[in-house]
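Here the protein sequences come in this chain order: A and B.
Quick note, the first sequence lines up with residues 1 to 401 if you use our numbering.
Quick note, the second sequence lines up with residues 402 to 625 if you use our numbering.
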Amino acid sequence: MRPGDTARFAAQSLIRARGRTLLMLLAMSIGVSAVVILTGLGEGARRFVTGEFASLGTNLVIVMPGRSETTGGAAALMAGETPRDLTVDDYLALTRNPLVSLAAPVMVGAAGAARGRLEREISVVGTTSEFLKIRHLSMDRGKFLPSGDPSRAVNVCVIGEKIKQELFGKEQALGEWLRLGDRRFRVIGVLATGGRSIGVDIQELVVIPVASAQALFNSPGLFRILVEARSREVMPRLQDQIRSTIAERHQGEEDVTVVTQDAVLATFDNILQALTFTVGGIGAISLAVAGILIMNIMLVAVSQRTREIGLLKAVGATRAQVTTLFLSEAVLLALLGGLLGLFFGYLGTTAIHGVYPDMDSQAPLWAVLAAVGVSSLTGLVFGIMPARQAAALEPVEALNG
Amino acid sequence: MITLEGINRIFQVGDQQVHALDDINLTIQPGEYLSLMGPSGSGKSTLLNILGLLDKPTSGRYLLEGREITSLSDDEQATVRGEKIGFVFQFFHLVPRMSAFENVELPLVLAGMAPSVRRERVNVILEQLGLMDRAHHRPDQLSGGQRQRIAIARATIMKPSLLLADEPTGNLDSRSGTDVVEVLEKLNAGGITLVVVTHDGQVGKRAGRRLRMVDGAIVKDERG
Ligand SMILES: Nc1ncnc2c1ncn2[C@@H]1O[C@H](COP(=O)(O)OP(=O)(O)OP(=O)(O)O)[C@@H](O)[C@H]1O
Ligand SMILES: [Mg+2]
Numbered sequence: 001m002r003p004g005d006t007a008r009f010a011a012q013s014l015i016r017a018r019g020r021t022l023l024m025l026l027a028m029s030i031g032v033s034a035v036v037i038l039t040g041l042g043e044g045a046r047r048f049v050t051g052e053f054a055s056l057g058t059n060l061v062i063v064m065p066g067r068s069e070t071t072g073g074a075a076a077l078m079a080g081e082t083p084r085d086l087t088v089d090d091y092l093a094l095t096r097n098p099l100v101s102l103a104a105p106v107m108v109g110a111a112g113a114a115r116g117r118l119e120r121e122i123s124v125v126g127t128t129s130e131f132l133k134i135r136h137l138s139m140d141r142g143k144f145l146p147s148g149d150p151s152r153a154v155n156v157c158v159i160g161e162k163i164k165q166e167l168f169g170k171e172q173a174l175g176e177w178l179r180l181g182d183r184r185f186r187v188i189g190v191l192a193t194g195g196r197s198i199g200v201d202i203q204e205l206v207v208i209p210v211a212s213a214q215a216l217f218n219s220p221g222l223f224r225i226l227v228e229a230r231s232r233e234v235m236p237r238l239q240d241q242i243r244s245t246i247a248e249r250h251q252g253e254e255d256v257t258v259v260t261q262d263a264v265l266a267t268f269d270n271i272l273q274a275l276t277f278t279v280g281g282i283g284a285i286s287l288a289v290a291g292i293l294i295m296n297i298m299l300v301a302v303s304q305r306t307r308e309i310g311l312l313k314a315v316g317a318t319r320a321q322v323t324t325l326f327l328s329e330a331v332l333l334a335l336l337g338g339l340l341g342l343f344f345g346y347l348g349t350t351a352i353h354g355v356y357p358d359m360d361s362q363a364p365l366w367a368v369l370a371a372v373g374v375s376s377l378t379g380l381v382f383g384i385m386p387a388r389q390a391a392a393l394e395p396v397e398a399l400n401g
Numbered sequence: 402m403i404t405l406e407g408i409n410r411i412f413q414v415g416d417q418q419v420h421a422l423d424d425i426n427l428t429i430q431p432g433e434y435l436s437l438m439g440p441s442g443s444g445k446s447t448l449l450n451i452l453g454l455l456d457k458p459t460s461g462r463y464l465l466e467g468r469e470i471t472s473l474s475d476d477e478q479a480t481v482r483g484e485k486i487g488f489v490f491q492f493f494h495l496v497p498r499m500s501a502f503e504n505v506e507l508p509l510v511l512a513g514m515a516p517s518v519r520r521e522r523v524n525v526i527l528e529q530l531g532l533m534d535r536a537h538h539r540p541d542q543l544s545g546g547q548r549q550r551i552a553i554a555r556a557t558i559m560k561p562s563l564l565l566a567d568e569p570t571g572n573l574d575s576r577s578g579t580d581v582v583e584v585l586e587k588l589n590a591g592g593i594t595l596v597v598v599t600h601d602g603q604v605g606k607r608a609g610r611r612l613r614m615v616d617g618a619i620v621k622d623e624r625g
């Protein structure tokens, strides 16, 4: 048989059995586009979040009190051990390391904030002037904490936009007094909105000098020391040096956990990867449903096709010819179905992108390949299998099939 | 020449055996016109299917033009079916999605013949059968007689030496039935060996050699 005739035969049988062909194409394209759209969503969410993290600066090394049992990831404190405090002196020791470009101590706590009769609970961060740059924050009005000796308690504060609105309304906040706990702080600046810090909404933050925070919370212990390395390359070296510096200062005990932003990022990335896989799983289920649909349509057509195969054999077709004819038909159908599915999938992700411009919802390649692969494969298998079986029959059996 | 020696065909139905053909011995000369009659279930179709290589005998030898057929591979049998044998069915067995022209063309397509040669040959045969104006109709747009003539055109387009017809008039009224029989006889006059299975005595009588089957055996073989 000529290749052109084979193609024509396949195309003709698809075109003239229009209803069946359309059903098959529908099933295949639903399966493929579902996978493309769903995994695209998951992938978009993952990229969105990792992008947010990356904008926080990737040269960041975070020092936390207490030893983590596992390396990397979030620090799990060793049970029963009371770690030594991380102090402002530890922080000062770290700033002397030449690999460090910036460092800031961080204390956190909650305190009642009051102005006149207005009062509310507020998250308070005690830190130094370097915090602004390390956290990529910017000022809306006024100034951030002054630089200088971190062990000096100066009663000034910088407030988030929302705090400003709630406690001062439309009034001028700069230069005014704010009561935190039993102390008074002069407002010297208002943070700009827009920046985001992991887990904390900076709009609802009050920032004070670290020494004032130690006095306010009546504790010398720091929550974190944020260290920015001079470059990415020196980060592993810096981590080691930080550990030994602190150990020296803590009577040889390595009682801090040093993680990089990357490690945190990787953990989140893993979680989000799992999300993409979950969404991919949902896609796979829709694909399986589509596969079963394809299978059914094919099986319904079998008895009719069996008679056709019997006739083909009666007029001289070999078994190989019959298989080739039906294979070509199935390939053509799978190709069309796959392309149609990709097209609808693309439409879907584009629509999502239109609604949520922040989300770059591109389906990952593995999902696209799997979707097209599985739907083509079911189409092929259930297109050829009955044909192969019928082709193996004696012509008379197939004719009466 | 066709020779059948000790042909048996046994069907297994559950744990029961149906002896559809029982030790058939038969010789058919080239160009002969045979009719095959007998009660329902006597094995006529089974015999015809074996002659047409649509079915395999359980035992026995089948020689076609001196060649042992039963020992050929499936593909070789397919080639013999395509080149030497034409089959006409009671229920036409046309491909419903294909036009009359395409149905007739099908064996030539499978044989890999060039499109221009195919068109020429199909047109000639449709002309002979007076079906030129129906060439692009689908089977469901044709009458029974027209369908059977299309089926005959398809069976003979490869110029086979043996034409087998299983109740070719069984689904036709008597007028188109006579038409169809005349077409078959004209082909036989052109040299093709013709075997017709029929229930119609009038049709059966016309053959030069008349076989009668009962219970899987040939019980009568008349000539003249
Ligand atoms: N595929 C099959 N499986 C089982 N038994 C079969 C099969 N085909 C035919 N038979 C049996 O073989 C015997 C002969 O059948 P065959 O079709 O050859 O009869 P026939 O003479 O053509 O009858 P009719 O005139 O009704 O067409 C019957 O008893 C039939 O039941
Ligand atoms: Mg019969």
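Each residue gets a CB set at the ideal place from its N, CA and C atoms; glycine is no exception.
What residues in its chain sit with their C-beta under 8 Å from that of residue i, if we drop five residues either side in the sequence?
i, result
"B:ARG519", "GLU506, LEU509 and VAL510"
"A:GLN321", "MET1 and LEU312"
"B:HIS537", "SER500, ALA501 and PHE502"
"A:ARG8", "none"
"A:ALA79", "With a pLDDT of 43 at A:ALA79, under the threshold of 50, the modelled position of that residue is not reliable, and no figure is offered here."
"A:ALA192", "LEU137, SER138, MET139, ASP140 and GLU161"
Report all residues from its chain with a CB closer than 7 Å to the CB of residue i; omit the five preceding and five following residues, and keep chain order.
i, result
"A:ALA290", "ALA27, MET28, ILE30, GLY31 and SER375"
"A:LEU311", "LEU399"
"A:PHE326", "GLY383, ILE384 and ALA387"
"A:GLY73", "Reliability of the predicted coordinates at A:GLY73 is poor, the pLDDT of 42 falling under 50, and no value is obtained from them."
"A:SER129", "PHE144, LEU145, PRO146 and SER147"
"A:LEU226", "LEU60, ILE62, ALA103, ALA104, VAL106 and ILE134"
"A:ALA111", "ILE122, VAL124, LEU180, GLY181 and LEU216"
"A:GLY345", "VAL32, SER33, VAL36, ILE37 and ALA363"
"B:ASN426", "LEU405, GLU406 and GLY407"
"B:VAL584", "LEU530, ARG550 and ILE553"
"B:GLY439", "LYS445, ARG613, MET614 and VAL615"
Identify the contact partners of residue i in chain B, using a Cβ-Cβ distance below 7 Å as the criterion.
i, result
"A:PRO395", "LEU455"
"A:ARG16", "ARG498"
"A:GLU308", "VAL496"
"A:MET298", "Near A:MET298 there are no residues of chain B at all, since even the closest Cβ is about 17 Å away, more than 7 Å."
"A:LEU311", "HIS494 and VAL496"
Going by DSSP, which residues form a beta bridge with residue i?
i, result
"A:TYR91", "According to DSSP, which records beta bridges pairwise, A:TYR91 is partnered with nothing at all."
"A:ARG2", "Partner(s): none; A:ARG2 has no beta bridge."
"B:ASN409", "B:SER460"
"B:ARG610", "B:LEU435 and B:ARG624"
"A:GLU228", "A:LEU60 and A:LEU102"
Give me the chain A residues within the contact set of residue i, using Cβ-Cβ distance strictly less than 7 Å, ordered along the chain.
i, result
"B:PHE502", "Within chain A, no residue comes near B:PHE502; the closest Cβ sits about 13 Å away, beyond 7 Å."
"B:ASN450", "VAL396"
"B:THR507", "Note that residue 507 of chain B corresponds to Leu in the displayed sequence, not to Thr. The answer, in chain order, is VAL315."
Just to confirm my understanding: we take residue i, look at its own chain, exclude 5 residues before and 5 after, and list those with CB closer than 6 Å. What are they?
i, result
"A:GLU81", "With a pLDDT of only 49 at A:GLU81, under 50, the local geometry of the prediction cannot be trusted, and the value read off the model is given with reservation. Around A:GLU81: no qualifying Cβ."
"A:ARG319", "ALA391"
"A:TYR91", "PRO105 and ILE225"
"B:ASN589", "TYR434 and LEU595"
"A:ALA317", "none"
"A:LEU222", "LEU86, PRO105 and MET107"
Note down, in chain order, every chain B residue with its Cβ under 8 Å from the Cβ of residue i.
i, result
"A:SER13", "ARG498"
Please compile the residues from chain A whose C-beta is within a distance smaller than 8 Å of the C-beta of residue i.
i, result
"B:THR480", "GLY316 and THR318"
"B:GLU484", "GLY316"
Please list the partners that residue i has in chain A, where partner means a Cβ-to-Cβ separation under 9 Å.
i, result
"B:VAL630", "This structure cannot speak to residue 630 of chain B, because chain B is shown only from 402 to 625."
"B:ASP631", "Only positions 402 to 625 of chain B appear in the structure, and residue 631 of chain B is not among them; the question remains open."
"B:ARG555", "VAL315"
What residues from chain B crowd round residue i, counting only those whose CB sits closer than 9 Å?
i, result
"A:ILE321", "Before going further, note that residue 321 of chain A is Gln rather than Ile in the sequence given. In chain order: ALA479 and LEU511."
"A:LEU25", "Chain B residues near A:LEU25: none, gap ~18 Å exceeds 9 Å."
"A:ARG2", "VAL510, GLY513, MET514, ALA515 and PRO516"
Return no unless some Cβ of chain E is closer than 7 Å to the Cβ of residue i.
i, result
"A:ARG305", "Here chain E cannot be found, since the structure's protein chains are A and B."
> Taking contact to mean at least 3 C-beta pairs separated by less than 8 Å, is the region 220-233 of chain A in contact with the region 145-152 of chain A?
Replying inline: no
>> My parser needs the alpha helix (DSSP H) runs of 4 or more residues fully inside the region 323-395 of chain A; what are they?
In response: 365-392
> Where in the region 415-501 of chain B do unbroken runs of the alpha helix (DSSP H), each at least 4 residues long, occur, reported from the N-terminal end onward?
Replying inline: 445-452 and 475-485
> Okay, do the region 410-423 of chain B and the region 328-337 of chain A touch, 3+ Cβ pairs below 8 Å being the bar?
Replying inline: no
> Given 8 Å as the limit, is there contact between the region 519-538 of chain B and the region 552-563 of chain B, that is, 3 or more CB pairs closer than that?
Replying inline: yes
>> Measuring CB atoms only, is the region 473-481 of chain B touching the region 525-532 of chain B, in the sense that at least three cross pairs come out at less than 8 Å?
In response: no
> Which runs of the alpha helix (DSSP H) fall wholly inside the region 115-174 of chain A and span at least 4 residues, in chain order?
Replying inline: 131-134 and 161-168
> Does the region 17-26 of chain A come close enough to the region 347-355 of chain A that 3 or more CB-CB pairs lie under 8 Å?
Replying inline: no
>> Quick check on the DSSP output: what are the complete alpha helix (DSSP H) runs of length 4 or more inside the region 229-291 of chain A, in order along the chain?
In response: 235-249
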